[in-house]
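For the sequence shown, the residue numbers in the numbering used here are 12 to 93.
Just so it is clear, CB atoms sit at the ideal spot from N, CA and C, and this is done for glycine as well.
Note that the coordinates shown come from a computational prediction; the quantities given were computed from them, not determined experimentally.
Here the structure comes first, spelled out in structure tokens, and everything after it is commentary.
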Amino acid sequence: MTVDENQLLSVDIHLSKLVDWLIDRRHCPKDWSERALAIRSKIQRSIQDMPENDEIKRLLESSCLDYFCCVKIMEILKETEK
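Structure (structure tokens):
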């Protein structure tokens with residue numbers, strides 16, 4: 012194999028091992044999943060008080076709610092306040 016072929020190889024990491032590694036090295040707390048659920052429920056409650064926005068709905072429907080989704084939602088909310 013050449014160097015270019017080696018760079019294209021994918022790495023298979025099991026999610027449970029990755030989560031254990033992140034928790035062991037204190038990159039995320041042990042209760043990260045409960046915190047994520049609490050954040051998602053707070054977002055759902057606060058959305059009920061806002062005017063409907065299709066892009067926010069689309070972002071929240073996905074199972075992955077990460078930092079970048081939250082930043083995008085904040086940008087949309089700032090624009091709707093103007």
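Can you tell me whether residue i is buried or exposed, with buried defined as 16 or more other CB within 10 angstroms of its CB?
| i | result |
| --- | --- |
| I67 | buried |
Could you tell me how far apart the beta carbons of residue i and residue j are, in whole angstroms, since I believe they sit closer than 8 Å?
| i | j | result |
| --- | --- | --- |
| L11 | A47 | Here the chain comprises residues numbered 12 to 93, so residue 11 is not present and cannot be evaluated. |
| I87 | N64 | 6 Å |
If you drop the 5 nearest sequence neighbours on each side, which residues of the same chain put their C-beta closer than 7 Å to that of residue i?
| i | result |
| --- | --- |
| S39 | Correcting the residue identity first, residue 39 is Cys in this sequence and not Ser. Excluding positions up to five away in sequence, the list reads L33. |
| S73 | none |
| K83 | L70 |
What separation, rounded to the nearest whole angstrom, lies between the Cα atoms of residue i and residue j?
| i | j | result |
| --- | --- | --- |
| L71 | N17 | 37 Å |
| E31 | K93 | Reading off the sequence shown, one finds Asp at residue 31, where the question assumed Glu. Straight-line Cα distance between these residues: approximately 44 Å. |
| K41 | D35 | 9 Å |
| I11 | W43 | Past the edges of the chain, shown from 12 to 93, lies residue 11, and the structure says nothing about it. |
| R37 | T91 | 37 Å |
| L29 | C80 | 22 Å |
| K53 | E45 | 12 Å |
| T13 | M61 | 55 Å |
| I24 | Y78 | 22 Å |
Please work out which residues of its chain come closer than 8 Å, Cβ to Cβ, to residue i, disregarding the five sequence neighbours upstream and downstream, and give them in chain order.
| i | result |
| --- | --- |
| K89 | none |
Problem set entry | Within the region 26–70, ranges of the alpha helix (DSSP H) (whole runs, at least 4 residues) | 26–35, 43–58
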